[in-house]
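Heads up, the thing below is written out as structure tokens.
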Amino acid sequence: MTITQTHWRHVDYRADSLKQIITGLNNSIETLKARLGKIDWYDGLWLLEDTEPVFGMAFIAFQNYINGSIKDLYESLEDKTSLYKIGSTPGSFSRTNTELIIGLANYIKHKDDKKLHGGTQRILEAFDLIVNDDIEESPIFEGLTILDKKWDLFKVYEIVINWRRDLFNHYLNEIK
């Protein structure tokens with residue numbers, strides 16, 4: 001009989017609660033989509049207006065998971081921006097999926113401020129995301145399209161779960 005040991009920091013106790021949150025937000029989005037065929041005046045623009053904050057809450061939940069994972073492994077968020085660079089970059093972009101998720105979370109939290117934080121602005125610019133009042137060009141939807149063309153939050157969930165695995169491997173390499 002072979003006994004394998006698991007490093008105690010390998011256990012990802014945050015993943016299940018994140019999935020529950022994303023399931024709830026996804027259900028909210030589906031409920032809003034159902035209005036399209038039931039309410040005469042409710043069109044695609046209304047749907048975008050109604051779902052932008054819901055998708056935004058998903059990005060905030062992903063950000064919380066990402067930062068919580070860093071804190072779990074490193075006991076500090078001091079080097080979080082360098083750890084956001086772990087993982088793959090979508091398409092021809094120079095920044096990672098994780099950086100995009102963090103940028104979108106910060107965007108939705110601060111979009112009504114006079115000016116976005118410089119780091120958030122640089123991330124959005126790196127993905128050619130333009131901040132303006134046109135809901136059809138919202139960085140939330142444009143960024144979501146970069147992450148998954150079908151706007152599937154569970155695909156984004158998989159991205160952050162895989163990032164956490166890569167983060168753990170990075171952590172193990174550092175402590176060796």
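Quick note: the sequence shown, position 80, residue 80 per UniProt numbering, numbers continuous.
Yeah, the Cβ is synthetic: ideal placement off N, Cα and C, and Gly gets one too.
Given the structure is predicted, the values throughout are model-derived calculations rather than measurements.
With distances taken Cα to Cα, identify the nearest neighbour of residue i among the options.
i, options, result
"residue 127", "169, 42, 96", "96"
"residue 141", "45, 18, 27, 77", "45"
State buried or exposed for residue i, treating a residue as buried only when at least 16 other CB atoms are found within 10 Å of its CB.
i, result
"residue 41", "exposed"
"residue 34", "exposed"
"residue 143", "buried"
"residue 73", "buried"
"residue 120", "buried"
"residue 17", "exposed"
"residue 56", "buried"
"residue 20", "exposed"
"residue 160", "buried"
"residue 108", "buried"
"residue 36", "exposed"
"residue 175", "exposed"
"residue 129", "buried"
"residue 167", "buried"
Quick check on the DSSP output: the alpha helix (DSSP H) that includes residue i runs from which residue to which?
i, result
"residue 74", "44-74"
"residue 93", "Neither: residue 93 is in no alpha helix (DSSP H) and is coded neither H nor E."
"residue 171", "153-175"
"residue 147", "139-147"
"residue 37", "Taken as a continuous stretch (DSSP letters only), residue 37 belongs to no alpha helix (DSSP H), as it is neither H nor E."
Please state whether the Cβ-Cβ distance between residue i and residue j is less than 8 Å.
i, j, result
"residue 157", "residue 60", "no"
"residue 69", "residue 14", "yes"
"residue 50", "residue 32", "yes"
"residue 52", "residue 138", "yes"
"residue 67", "residue 80", "yes"
Query raised in the report: Would you call the segment 84-103 and the segment 139-156 touching, i.e. three or more CB-CB distances under 8 Å?
Result: yes
Query raised in the report: Are there three or more Cβ pairs, one per stretch, closer than 8 Å when the segment 151-158 is compared with the segment 133-140?
Result: no
Report task. Mind the definition here: the segment 80-91 touches the segment 104-115 only if three or more C-beta pairs lie below 8 Å; say whether that holds. Result -> At 8 Å Cβ cutoff, the stretches do not touch.
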